[in-house]
Amino acid sequence: MSKKMKRFLSCTLAACGIVACAGTLTACETNNPEVEMKIEFNGETYTLDYKLYRKITPSTVEHFLWLVDGGFYNDTVIHDYDADTLKMYGGLYDYDENETDGDYYKEDKSYAAFCETYKDKFPASVFLDKGETPIYTVYGEFKNNQFNVSSGLLKEDFGTLSMYYHAKDTDSRVYVKRADGNGYSDRDYAQNSATSMFYMTLSTSAKTQNDYCTFATLTGDSKEVLEDFKQAIADYIEENYDEDESRFVTATEMYIDEEDEIENNQDKKTTFDIPNEAIIIKSITVKKY
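So, in structure tokens, the structure goes:
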């Protein structure tokens with residue numbers, strides 16, 4: 004089987020199991036759900052299999068599965084490629100195949116609209132008050148948010164997925180569900196404000212990340228597939244930009260947090276390094292709940 008073109012083998016029994024579990028996660032939960040991510044780049048498709056860690060980062064896993072179940076990530080793009088830190092950021096923008104030269108995204112991927120559509124199934128973990136008014140963010144399950152587990156948190160490593168949030172200009176407090184089940188604890192909103200954005204690590208140096216929640220690792224031969232994908236980017240840069248990584252991206256100033264009701268800063272901007280050749284998350288699907 005080609006590493007670059009790893010084929011999707013459908014399994015009738017598994018498919019039936021997923022259908023039976025959809026919308027009723029609690030009846031079918033396992034300690035380690037599994038998802039499949041398909042990435043397209045320069046005419047090639049790369050299939051990555053991931054294991055999620057419900058015991059270590061339960062709120063993040065449920066939040067991510069909720070987004071995946073609703074098809075939120077399908078046909079989104081990597082909107083920020085950081086060659087220095089070897090991270091790729093996704094989960095904010097739709098792909099627009101009619102645009103080129105680093106402007107291939109559509110800015111209408113509305114997280115707020117998604118929440119409104121699927122609010123009855125939303126796995127709330129962050130609240131404005133003690134359990135009465137949920138906000139559609141996820142509990143920051145990492146050390147600097149006073150979150151710890153006895154078995155230890157996951158290390159950021161090659162291919163891992165971590166939830167991401169932009170720095171906030173607010174000192175607002177929110178409430179999160181206590182891990183011991185005894186009510187709620189107040190926390191900084193900034194560290195509990197992640198919604199749909201995540202980053203994939205392309206570095207092979209493992210490290211503990213204290214400000215972002217790492218919740219998924221590659222399984223099977225997916226590390227080799229990701230190596231092929233990483234090499235394809237390097238080959239593309241060599242062929243088209245004379246090995247100059249800086250020319251592979253277009254620095255683009257964008258408004259962020261426009262839907263953030265707590266921060267409510269419509270004029271806040273950041274700069275994304277958008278790849279000039281689209282990196283598309285064609286789909287993320289659940290293989291096992």
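Residue numbers for the sequence shown, in the numbering used here: 4 to 292. Just so it is clear, CB atoms sit at the ideal spot from N, CA and C, and this is done for glycine as well.
For residue i, the first and last residue of its enclosing alpha helix (DSSP H)
{"i": "residue 36", "result": "Segment: none, residue 36 is in no alpha helix (DSSP H) and carries neither H nor E."}
{"i": "residue 189", "result": "Element bounds for residue 189: not the alpha helix (DSSP H) but the beta strand (DSSP E), 187–191."}
{"i": "residue 234", "result": "225–244"}
{"i": "residue 119", "result": "114–121"}
Closer than 7 angstroms: residue i CB and nearest the ligand ADP heavy atom
{"i": "residue 207", "result": "Of the ligands one can find in the structure shown there are none, so the ligand ADP has no counterpart to examine."}
Residue i: first and last residue of the uninterrupted beta strand (DSSP E) it sits in
{"i": "residue 256", "result": "252–258"}
{"i": "residue 180", "result": "176–180"}
According to DSSP, residues forming a beta bridge with residue i
{"i": "residue 137", "result": "130"}
{"i": "residue 55", "result": "219"}
{"i": "residue 278", "result": "252"}
{"i": "residue 164", "result": "203 and 219"}
{"i": "residue 286", "result": "41"}
{"i": "residue 273", "result": "257"}
{"i": "residue 100", "result": "Beta-bridge pairing links residue 100 to no other residue."}
{"i": "residue 50", "result": "41"}
{"i": "residue 197", "result": "141"}
{"i": "residue 158", "result": "DSSP lists no partner for residue 158."}
{"i": "residue 109", "result": "97"}
{"i": "residue 210", "result": "159"}
{"i": "residue 291", "result": "37"}
Option in the options with minimal Cα separation from residue i
{"i": "residue 227", "options": "40, 68 and 162", "result": "162"}
{"i": "residue 222", "options": "43, 46, 44 and 56", "result": "56"}
{"i": "residue 48", "options": "229, 215 and 178", "result": "229"}
{"i": "residue 51", "options": "59, 61, 40 and 125", "result": "40"}
{"i": "residue 215", "options": "178, 109 and 150", "result": "150"}
{"i": "residue 127", "options": "33, 195, 172 and 236", "result": "195"}
{"i": "residue 283", "options": "99, 37 and 185", "result": "99"}
{"i": "residue 78", "options": "144, 108 and 142", "result": "108"}
{"i": "residue 60", "options": "135, 201 and 144", "result": "144"}
{"i": "residue 244", "options": "279, 219 and 254", "result": "279"}
{"i": "residue 167", "options": "155, 35, 63 and 42", "result": "63"}
{"i": "residue 124", "options": "94, 70 and 132", "result": "70"}
{"i": "residue 237", "options": "118, 84, 35 and 129", "result": "84"}
{"i": "residue 298", "options": "232, 186, 171 and 148", "result": "The requested residue 298 is not part of the displayed model; the chain covers only 4 to 292."}
{"i": "residue 89", "options": "119, 96, 190 and 233", "result": "233"}
{"i": "residue 293", "options": "271, 251, 235 and 260", "result": "Only positions 4 to 292 of the chain appear in the structure, and residue 293 is not among them; the question remains open."}
{"i": "residue 87", "options": "138, 289, 37 and 252", "result": "252"}
{"i": "residue 113", "options": "173, 164, 260 and 68", "result": "260"}
{"i": "residue 3", "options": "290, 285, 289 and 292", "result": "This structure gives no information on residue 3, because the portion of the chain shown stretches from 4 to 292."}
Residue burial classification, residue i (beta-carbon count within 10 angstroms, cutoff 16)
{"i": "residue 28", "result": "Low confidence applies to residue 28: its pLDDT is 47, below 50, so where it sits in the model is not reliable, and the reading given next is rough at best. Burial call: buried."}
{"i": "residue 159", "result": "buried"}
{"i": "residue 212", "result": "buried"}
{"i": "residue 249", "result": "exposed"}
{"i": "residue 263", "result": "buried"}
{"i": "residue 267", "result": "exposed"}
{"i": "residue 5", "result": "Only weak support is given to the placement of residue 5: the predicted model assigns it a pLDDT of 42, under 50, and the value that follows is read from those uncertain coordinates. Exposed, since its Cβ has fewer than 16 Cβ neighbours within 10 Å."}
{"i": "residue 33", "result": "exposed"}
{"i": "residue 116", "result": "exposed"}
{"i": "residue 192", "result": "buried"}
{"i": "residue 178", "result": "buried"}
{"i": "residue 293", "result": "Outside the shown range of the chain (4 to 292) lies residue 293, about which nothing can therefore be said."}
{"i": "residue 207", "result": "exposed"}
{"i": "residue 256", "result": "exposed"}
{"i": "residue 184", "result": "exposed"}
{"i": "residue 276", "result": "buried"}
{"i": "residue 74", "result": "exposed"}
{"i": "residue 65", "result": "buried"}
{"i": "residue 148", "result": "buried"}
{"i": "residue 26", "result": "Residue confidence for residue 26 is low, a pLDDT of 44 falling below 50, so the modelled location carries little weight; the figure read from the coordinates is stated next. Exposed: under 16 other Cβ atoms inside 10 Å."}
**Message:** Report the start-end ranges of each beta strand (DSSP E) in the stretch 58–95 that is 3 residues or longer and not cut off at the edges.
**Reply:** 79–85
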